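Notes follow the structure.
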Amino acid sequence: MVTGHGADDAVVARGWQATRAFFDRPVDEKLTAGMPYPGYPYGYSPVKGETLAASLGDATPADLKETFSFGPSAFNRLDHKPADDAEAFVFSANPWPVGGDDFRAAVMAYYREMSALAGRIMRFFALALDLPETHFDRFIDHEASALRLLNYPDLVEDPVPGQLRAGVHSDYGSLTILMQEDAPGGLEVKGLDGAWHKVPATPGSFVINIGDLMQRWTNDLWKSTLHRVTIPPRDIGRSARRQSMAFFHQPNWDAEIACIETCLAPGESAKYPPVGSGEYLASKFRSTVSKA
Ligand SMILES: O=C(O)CCC(=O)C(=O)O
Ligand SMILES: [Fe+2]
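First residue of the sequence shown? That's 79 in my numbering, and the numbers climb one at a time after it.
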């Protein structure tokens with residue numbers, strides 16, 4: 079959890095409100111920004127469109143959430159030609175909703191704010207790993223990060239056994255900056271004790287999750303935290319709608335993520351082969367398409 083993070087409060091508040099207003103729109107309007115096909119990385123995905131636990135190979139029911147995501151091509155030159163499949167995937171075109179200009183401006187500003195904050199956190203990470211402060215800068219100077227807006231509506235039907243608002247998973251990149259609100263049926267992380275712990279929503283703070291690529295960089299010294307969003311209890315006499323905004327910080331699409339020397343004890347060897355940032359992301363996305 080970070081506080082005193084230096085992100086601009088007005089930009090954060092505007093992003094949050096614009097997100098709420100977007101999810102309040104009728105579903106056919108939201109679908110004007112629909113993903114062109116399942117497994118596409120960006121655009122609007124309605125409730126039950128995705129199964130996050132499938133990214134870990136688990137067969138579970140689809141998630142009870144709706145999402146809107148966009149990626150780095152929002153900030154890119156339109157004439158840029160991708161060098162390979164990984165870059166083409168990461169820089170896929172972003173669908174935007176019809177009549178959503180204010181929404182687009184607000185959430186793009188939020189993305190920029192989170193990108194700057196992620197860069198500052200990566201510098202702290204470098205120092206914590208006994209590396210020069212700027213060590214990660216060259217891996218994130220044309221970052222492949224995505225912003226995902228999430229809405230968990232009130233339940234309209236009984237969940238099927240094993241169904242969650244967001245299935246058990248870890249995030250894929252370097253780190254995630256999550257803004258969430260206090261609502262029933264919230265975020266839980268799996269601790270080293272193996273138990274699920276609720277993550278409190280403290281106003282003015284962000285939750286920071288380590289992603290898979292940071293785990294690989296550090297040879298498991300830092301673990302990508304397993305997390306899930308639980309189903310709210312029934313009949314609580316108030317709305318259980320919950321909103322969150324997840325900024326998935328992703329190194330440059332062509333960054334090679336290989337074990338960092340300072341993370342190896344004498345005689346220890348790397349647990350993972352080097353992997354391309356874009357290649358890893360694309361493989362994870364393909365696995366989460368809802369089959370329900
Ligand atoms: O809504 C949340 O609090 C978490 C969402 C999440 O974990 C994700 O989309 O990766
Ligand atoms: Fe997540």
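C-beta atoms are modelled at their ideal positions from N, C-alpha and C, and glycine is treated no differently. Bear in mind the structure is a predicted one, so any value in this text is a computation, not a measurement.
Below 8 Å between beta carbons: does that hold for Ser-67 and Asp-180?
Absent from the structure is residue 67, since the part of the chain shown begins at 79 and ends at 370.
Between which residues of its own chain and Val-176 is the CB-CB distance below 6 Å, once the five residues before and five after are set aside?
Thr-110
Answer yes or no: the CB of Asp-162 versus the heavy atoms of ligand 2, is any distance below 7 Å?
no
Who does Leu-130 pair with in a DSSP beta bridge?
DSSP lists no partner for Leu-130.
I need the straight-line Cα distance from Asn-172 to Ala-360, nearest angstrom please.
16 Å
Who are the Cβ neighbours of Ser-365 in its own chain at under 8 Å, not counting the five residues just before and after it?
Ala-132, Ser-133, Gly-135
Put Thr-110 into one of helix, strand or coil per three-state DSSP.
Helix.
Within 10 Å of its beta-carbon, does Asp-249 have 16 or more other beta-carbons around it, so buried, or fewer, so exposed?
buried
Would you kindly check if the distance between the Cβ of Gln-328 and the Cβ of Gly-251 is under 8 Å?
yes
Name the DSSP bridge partner or partners of Tyr-250?
Answer is none; Tyr-250 lacks a bridge partner.
Out of Asn-297, Ser-302, Pro-281, Asp-260, point me to the one whose CA is closest to Asn-287's CA.
That would be Ser-302, whose Cα lies nearest to the Cα of Asn-287.
Tell me whether Thr-254 counts as near ligand 2, meaning its Cβ is closer than 7 Å to at least one heavy atom of that ligand.
yes
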